[in-house]
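Residue numbering for the sequence shown is 138 to 665, as defined by this note's numbering.
Input: a single structure, listed below in structure tokens.
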Amino acid sequence: MAEGYDYIIIGAGSAGCVLAGRLSEDPDATVCLLEAGGRDRNPLYHLPAGFAKMTKGIGSWGWETVPQRHMKGRIFNYTQAKVIGGGSAINAQIYTRGNALDYDEWRQRGCDGWGYEDVLPYFRKAEDNDTFEGRYHGKGGPLGVSQPIAPLPICEAYFEAAAALGIPRNEDVTGETQDGVAYYQLTQRNARRSSAAMAYVAPNEGRANLTVKTGAQVRRIVVEAERATGVELTDGTRLRATQEVLLSSGAIGSPRLLQMSGVGPADHLEELGIDVICDQPQVGENLQDHLDLYCISELSGPHSYDRYAKPHMAALAGMQYLFTRKGPVASSLFETGGFWYADPDARSPDIQFHLGLGTGIEKGVEAMPQGGVTLNSCYLRPRSRGTVRLASGDPAQAPLIDPNYLQDPQDREMSIRGLKLTQEIMAQAPLARFIKAERLPGPDVKTDQDYYDFICAHSKTSHHCAGTCRMGSDPAAVVDTRLRFNGIAGLRVVDASIMPTVISSNTNAAAIMIGEKAADMIRADARG
Numbered sequence: 138m139a140e141g142y143d144y145i146i147i148g149a150g151s152a153g154c155v156l157a158g159r160l161s162e163d164p165d166a167t168v169c170l171l172e173a174g175g176r177d178r179n180p181l182y183h184l185p186a187g188f189a190k191m192t193k194g195i196g197s198w199g200w201e202t203v204p205q206r207h208m209k210g211r212i213f214n215y216t217q218a219k220v221i222g223g224g225s226a227i228n229a230q231i232y233t234r235g236n237a238l239d240y241d242e243w244r245q246r247g248c249d250g251w252g253y254e255d256v257l258p259y260f261r262k263a264e265d266n267d268t269f270e271g272r273y274h275g276k277g278g279p280l281g282v283s284q285p286i287a288p289l290p291i292c293e294a295y296f297e298a299a300a301a302l303g304i305p306r307n308e309d310v311t312g313e314t315q316d317g318v319a320y321y322q323l324t325q326r327n328a329r330r331s332s333a334a335m336a337y338v339a340p341n342e343g344r345a346n347l348t349v350k351t352g353a354q355v356r357r358i359v360v361e362a363e364r365a366t367g368v369e370l371t372d373g374t375r376l377r378a379t380q381e382v383l384l385s386s387g388a389i390g391s392p393r394l395l396q397m398s399g400v401g402p403a404d405h406l407e408e409l410g411i412d413v414i415c416d417q418p419q420v421g422e423n424l425q426d427h428l429d430l431y432c433i434s435e436l437s438g439p440h441s442y443d444r445y446a447k448p449h450m451a452a453l454a455g456m457q458y459l460f461t462r463k464g465p466v467a468s469s470l471f472e473t474g475g476f477w478y479a480d481p482d483a484r485s486p487d488i489q490f491h492l493g494l495g496t497g498i499e500k501g502v503e504a505m506p507q508g509g510v511t512l513n514s515c516y517l518r519p520r521s522r523g524t525v526r527l528a529s530g531d532p533a534q535a536p537l538i539d540p541n542y543l544q545d546p547q548d549r550e551m552s553i554r555g556l557k558l559t560q561e562i563m564a565q566a567p568l569a570r571f572i573k574a575e576r577l578p579g580p581d582v583k584t585d586q587d588y589y590d591f592i593c594a595h596s597k598t599s600h601h602c603a604g605t606c607r608m609g610s611d612p613a614a615v616v617d618t619r620l621r622f623n624g625i626a627g628l629r630v631v632d633a634s635i636m637p638t639v640i641s642s643n644t645n646a647a648a649i650m651i652g653e654k655a656a657d658m659i660r661a662d663a664r665g
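Rendered as structure tokens:
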């Protein structure tokens, strides 16, 4: 192996960028960060509203799910980032952390050191919050976290509509309580996206001990005598790791690469003719994701950002942003939402809302020609579990992604309740002056069977996949509570795949927290 480093990080996503930035703080440690995608040079990666282009192919692997057997064979677009910064470079920049009870349940499941009070310092360490400070928030960290600067009047009407149903306003859903509707804080700084790449890598690329390689797809992790010793790229290049290989390729990419390396369920690998290095049946199991449903309303006037879809209006918006850093280009388009209950007896909110200030923002979602607004809902604690498997050992071939949506009947029931709640909110009097009519689901959807049929045709991923390299203290867990791979020395998994259960919100802030906590553990273990 021609090149050697102390640490090789596979995947420059949210957690991988954190690892690169933190581990290279030690001038005596050499760090190599590998990213299969390219650089984030396209301006759309940095403009908040650039999100509208992201699920339509920019910076993505272009993958899909397998047909969903509990949703009439529906195949979903499944955007996974392929660019430095990973999901943080292409997401809607929503900064939420989940519920404190999510992490306490991890601890109760045997993940000592991962309770809420254990992880809160790492959320705070990452943050440079422009509004909040104190017990729940930090200032001066690498990651910009900001209040939205481009909401529209319909957002305030949405808050009033929710209040009419007894849903309160919450100024900080990442603070003491998650309950209520809110303006989400965003991973932005000075009206620009603050991706993990911009926060943790770009300021530190001048470090002599940090090497960043883009366009570097890993074919396999090299394992010798039950120890990870390096990686082999698809072009045949080999790199050597003298300390550890750190796998940070995400909830789809990490189990995929492990299986391509001969690490995973032996029967599956043998079927594909892949030599089995380590039989670990749980690699690629336990896939969880939030299924996103949506209520789309046509508006009575130009009350959303849909009017800027026309080329001349888009040009005007661009000029406004250039000179004022405000207007539609400064909007993530989903900066309003909140958390509430489908099950009134749930231990914490089990439904999340995202108010989209337009229609057709994401791939496959309908657009209103006359302008509209979208209110998404997702059930936050699904019971259904899916898998990530290989179609073949060819690294150019897409994996078999099966979220197994709605396998559990409770997921179906709670999802329908959440969708009905979005309709109720949008039908309240404070929104009447903005809304001409509900178009989807519409008045013809009445029975629960109608709702199920609608969901099968009109839904999408929330891009919150997790769980496929489960952390735990039990022998079947893929990684231990220090994220070390069970059965292979010198290998850790550091990304959302280690979550035992998906958190009750967007997952990006948690992935960054996982990177921060892992960096501390790696340095502590290196010191002995």
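From the three backbone atoms N, C-alpha and C, an ideal C-beta is built for every residue, glycine too.
Given the structure is predicted, the values throughout are model-derived calculations rather than measurements.
Exposed or buried, which one is T584 when buried takes at least 16 other CB atoms within 10 Å? Counted from its first residue, the sequence shown places residue 584 at position 447. The residue is exposed, with fewer than 16 neighbouring Cβ atoms inside 10 Å.
Check for me: the beta strand (DSSP E) holding L181 runs from which residue to which? In the sequence shown, the residue the question calls residue 181 occupies position 44. Here L181 belongs to no beta strand (DSSP E), and DSSP marks it neither H nor E.
Relative to the C-alpha of A157, which residue among T371, K654 and G665 is closest? Looking up residue 157 in the sequence shown gives position 20. With distances taken between Cα atoms, A157 lies closest to K654.
I need the straight-line Cα distance from Y442 to A467, nearest angstrom please. Residue 442 sits at position 305 when you count from the first residue of the sequence shown. Residue 467 sits at position 330 when you count from the first residue of the sequence shown. Each residue's Cα considered, the two are about 11 Å apart.
What does a CB cutoff of less than 8 Å around R261 pick up in its chain, not counting 5 residues either side in sequence? Within the sequence shown, the letter at position 124 stands for residue 261. Answer for R261: Y273, H274, G275 and G278, listed in chain order.
Using 8 Å as the cut-off, can you tell me whether the stretch 245–265 makes contact with the stretch 285–299, which would need three or more C-beta pairs spanning the two stretches below that distance? Remark: fewer than three beta-carbon pairs, one from each stretch, lie closer than 8 Å, so the stretch 245–265 and the stretch 285–299 are not flagged as touching.
Could you say which of N623, E140 and G187 lies nearest to D177 if we only look at CA atoms? Numbered from its first residue, the sequence shown carries residue 177 at position 40. Taking D177 as reference, the option from N623, E140 and G187 with the minimal CA-CA separation is G187.
Return yes when the Cβ of D632 is within less than 8 Å of the Cβ of I659, no when it is not. In the sequence shown, counting from the first residue as 1, residue 659 sits at position 522. In the sequence shown, counting from the first residue as 1, residue 632 sits at position 495. Against a cut-off of 8 Å, the Cβ pair of D632 and I659 comes out as no contact.
Could you work out which residue in S398, A388, V318 and I389 is closest to L92 when comparing CA atoms only? For residue 92 there is no data in the structure shown, the boundaries of the chain being 138 and 665.
Best match in A594, V639, Q586 and R576 for proximity to R607 [C-alpha to C-alpha]: The sequence position of residue 607 within the sequence shown is 470, counting from 1. When only C-alpha atoms are compared, the closest one is V639.
Enclosing alpha helix (DSSP H) for V155 [first to last residue]: Position 18 of the sequence shown, counting from 1, holds the residue named residue 155. V155 -> alpha helix (DSSP H) spans S151 to L160.
Could you tell me the distance, in whole angstroms, from the CA atom of E242 to the CA atom of R570? Mapped onto the sequence shown, residue 242 falls at position 105. Mapped onto the sequence shown, residue 570 falls at position 433. When only Cα atoms are considered, E242 and R570 end up about 43 Å apart.
Check whether the stretch 351–362 touches the stretch 384–398, counting contact only when three or more Cβ pairs, one atom from each stretch, lie closer than 8 Å. Contact between the stretch 351–362 and the stretch 384–398 is present, because at least three Cβ pairs lie under 8 Å.
If you scan the stretch 391–441 from start to end, which runs of the beta strand (DSSP E) of 3 or more residues do you find wholly inside it? Runs of the beta strand (DSSP E) inside the stretch 391–441: 428–436.
Give the single residue among D309, F269, A574 and Q217 whose Cα lies nearest to the Cα of G150. Within the sequence shown, numbered from 1, the residue matching residue 150 stands at position 13. Comparing Cα-Cα distances from G150 to each of D309, F269, A574 and Q217, the minimum goes to Q217.
Output yes or no for whether 8 Å exceeds the beta carbon distance between F476 and G352. For the purposes of this step, residue 476 is identified with residue 339 of the sequence shown, where counting begins at 1. For the purposes of this step, residue 352 is identified with residue 215 of the sequence shown, where counting begins at 1. No, the Cβ-Cβ distance between F476 and G352 is not below 8 Å.
Reducing DSSP to helix, strand and coil, say where A229 ends up. Translated into positions along the sequence shown, residue 229 becomes position 92. Three-state DSSP puts A229 in coil, outside helix and strand.
So is S634 buried or exposed if we call it buried at 16+ other beta carbons inside 10 Å? As a position in the sequence shown, residue 634 is number 497, starting the count at 1. Counting Cβ neighbours within 10 Å, S634 comes out buried, since at least 16 surround it.
For A362 and I414, what's the separation of their Cα atoms in angstroms? Position 225 of the sequence shown, counted from the first residue, corresponds to residue 362. Position 277 of the sequence shown, counted from the first residue, corresponds to residue 414. Across the structure, A362 and I414 are spaced so that their CA atoms are roughly 10 Å apart.
Look up F260 in the DSSP assignment and say whether it is helix, strand or coil. On the sequence shown, position 123 is the one that residue 260 refers to. Here F260 carries a helix assignment [DSSP, helix/strand/coil].
In whole angstroms, give me the CA-to-CA distance for Q586 and L556. Counted from its first residue, the sequence shown places residue 586 at position 449. Counted from its first residue, the sequence shown places residue 556 at position 419. Q586 and L556: Cα-Cα distance of roughly 13 Å.
To the nearest angstrom, report how far apart S610 and A661 are at their CA atoms. Translated into positions along the sequence shown, residue 610 becomes position 473. Translated into positions along the sequence shown, residue 661 becomes position 524. So the alpha carbons of these two residues sit roughly 19 Å apart.
Within the same chain, show all residues whose beta-carbon is closer than 7 Å to that of P567, passing over the 5 residues directly before and after it, in chain order. Numbered from its first residue, the sequence shown carries residue 567 at position 430. Excluding positions up to five away in sequence, the list reads A294, E297, A298 and A301.
Between which two residues does the beta strand (DSSP E) holding T366 run? Counting from 1 along the sequence shown, the entry for residue 366 is found at position 229. That run of the beta strand (DSSP E) goes R364 to L370.
Buried or exposed: which applies to I212, given that a residue is buried once 16 or more other Cβ atoms fall within 10 Å of its Cβ? Taking the first residue of the sequence shown as position 1, residue 212 is located at position 75. Classification of I212: exposed, given that the 10 Å Cβ count is below 16.
Would you kindly work out how many angstroms separate the C-alpha atoms of M138 and A378, rounded to a whole number? The sequence position of residue 138 within the sequence shown is 1, counting from 1. The sequence position of residue 378 within the sequence shown is 241, counting from 1. Residue placement at M138 cannot be trusted, given a pLDDT of 46 that sits under 50; what the coordinates show is reported in the next sentence. Using only the alpha carbons, I get a separation of about 10 Å.
Could you tell me if R206 is buried or exposed, where buried requires 16 or more neighbouring beta carbons within 10 angstroms of its beta carbon? As a working note, residue 206 is residue 69 in the sequence shown. Per the 10 Å Cβ criterion, exposed.
Could you pull out every unbroken alpha helix (DSSP H) segment of at least 4 residues lying fully inside the stretch 592–621, listed in chain order? Entirely contained in the stretch 592–621, not one alpha helix (DSSP H) run reaches 4 residues.
Which of the three DSSP states, helix, strand or coil, is assigned to S552? Position 415 of the sequence shown holds residue 552. S552: helix per DSSP, three-state reduction.
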